[in-house]
């Protein structure tokens, strides 16, 4: 099942757009407010609950997500920080999702004259699973000693994961449109260019956080594009439902901890849906 990870790209785009909202709502503390606050006593520097993180977000004028991210490493389970277990659950969830999809779609592939399109979705989804697991395993091992907000995500497994999604987008565009040549070629061109830019940046080491954000945005747009193959075939309701499921996956990214792992629930429904639609005339 495509990782996290069209999901993560769409969610990243949404977070950038909404990131300034809490600051606008809660505002920044002026110097007089700071003095009053300090005169009343020191503010605790260690927040151990989500509720306290929310309060900190409001007081400092920063997004709630950032407030929680900055404090989640204070939580340890069996001596390992929470980000380690989040990445562990990301691996478990993607594996379980793929096992479920593979077994549930066996009869679907055998009972339709459009078996080839269902088979393409099944096999490419399964092919991406180890790519996603490898990336999350890398992050899991790095999370043992690094803070979640400072975790270095620059690794070849990131390109393996996100690049694998671009490959899936190409294959899925052919399946959802049932071989419509012009639609497939447009998706092939867009995803190939995005994949080339990603690999080039890995090899040259060019670009920083802005380049990473651009990659997430491009991946999010490509992930939204291939379900339109259903629209090309006149399946408006199925197409809209698929886009809603992608939105649900993206929203899950804003819930911590384990929001990314939970996003595999709507992701599983999404993959089953596009297979079911691809199996129909």
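Numbering (our numbering), first residue to last: 14 to 294.
Beta carbons are placed, not taken as given, at the ideal position from N, Cα and C, and that holds for glycine.
Values in this document were obtained by computation on a predicted structure and should not be read as measured data.
Check residue 93 in the structure and name its three-state DSSP category. Residue 93 sits in a strand when the DSSP states are folded into three classes.
Validate contact between the segment 194-201 and the segment 131-147 using beta carbons, cut 8 angstroms, 3 pairs: Pairwise C-beta distances place the segment 194-201 out of contact with the segment 131-147, as fewer than three of them are shorter than 8 angstroms.
Contact set for residue 139: own chain, Cβ-Cβ below 7 angstroms, skip 5 residues either direction: Excluding its 5 nearest sequence neighbours in each direction, residue 139 has C-beta neighbours in its own chain below 7 angstroms: 111 and 115, listed in chain order.
Pick from 169, 184, 96 and 212: whose alpha carbon is nearest that of residue 284? Ranking 169, 184, 96 and 212 by Cα distance to residue 284 puts 184 first.
What is the DSSP secondary structure of residue 158, reduced to helix, strand or coil? In this structure, residue 158 counts as coil in the three-state DSSP scheme.
Cut-off 7 angstroms between Cβ atoms - residues of its own chain near residue 215, not counting five sequence neighbours on either side: The answer, listed in chain order, is 169 and 172.
Under 8 angstroms by Cβ, that's how I've got residue 280 and residue 256 pegged, so tell me the actual separation to the nearest angstrom. With a beta-carbon spacing of about 13 angstroms, residue 280 and residue 256 fall beyond the 8 angstroms limit used to define contacts.
Classify residue 158: buried if its beta carbon has 16 or more other beta carbons within 10 angstroms, exposed otherwise. Here residue 158 is exposed, its C-beta having fewer than 16 other C-beta atoms within 10 Å.
First and last residue of the alpha helix (DSSP H) that includes residue 274? From DSSP, the alpha helix (DSSP H) with residue 274 extends over 272-275.
How would you write the range of the alpha helix (DSSP H) that residue 171 sits in, first residue to last? Counting along the chain, the alpha helix (DSSP H) containing residue 171 begins and ends at 169-189.
Endpoints, the alpha helix (DSSP H) within which residue 214 is located: First-last of the alpha helix (DSSP H) with residue 214: 194-217.
Just to confirm the assignment, what range does the alpha helix (DSSP H) spanning residue 231 have? Note, residue 231: alpha helix (DSSP H), 222-238.
Specify the secondary structure class of residue 246 as computed by DSSP and reduced to three states. In the three-state DSSP reduction, residue 246 falls in the coil class, being neither helix nor strand.
Do residue 103 and residue 274 have their CB atoms nearer than 8 angstroms? Cβ atoms of residue 103 and residue 274: closer than 8 angstroms.
Just verifying my parser: in three-state terms, what is the DSSP assignment at residue 128? When DSSP states are grouped into helix, strand and coil, residue 128 belongs to the helix group.
Suppose contacts are defined by Cβ-Cβ distances below 8 angstroms. Is residue 186 in contact with residue 243 by that definition? No, Cβ-Cβ distance for residue 186 and residue 243 is not below 8 angstroms.
From 88, 269, 230 and 239, residue whose alpha carbon lies closest to that of residue 180: Answer by Cα proximity: 239.
Should residue 175 and residue 153 be called a contact, given that it needs their Cβ atoms to be closer than 8 angstroms? No, they are not a contact pair.
Length of the line joining the Cα atoms of residue 225 and residue 93: One C-alpha to the other measures close to 28 angstroms.
So is residue 117 buried or exposed if we call it buried at 16+ other beta carbons inside 10 Å? It counts as exposed.
Pull up the CB-CB distance for residue 134 and residue 288, whole angstroms please, since I reckon it's below 8 angstroms. About 5 angstroms; that satisfies the 8 angstroms criterion.
Give the straight-line distance between the Cα atoms of residue 136 and residue 230, rounded to the nearest whole angstrom. C-alpha of residue 136 to C-alpha of residue 230: approximately 26 angstroms in a straight line.
Is it buried or exposed for residue 59, if we count other Cβ within 10 angstroms and need 16 for buried? Because residue 59 sits at a pLDDT of 38, beneath the cut-off of 50, its placement in the model cannot be relied upon, and the point is left open.
Between which two residues does the alpha helix (DSSP H) holding residue 88 run? That residue, residue 88, is in no alpha helix (DSSP H); it is neither H nor E in DSSP.
Quick check on DSSP: helix, strand or coil for residue 282? Residue state, collapsed to three classes: helix.
Endpoints, the alpha helix (DSSP H) within which residue 122 is located: Its alpha helix (DSSP H) spans residues 119-123.
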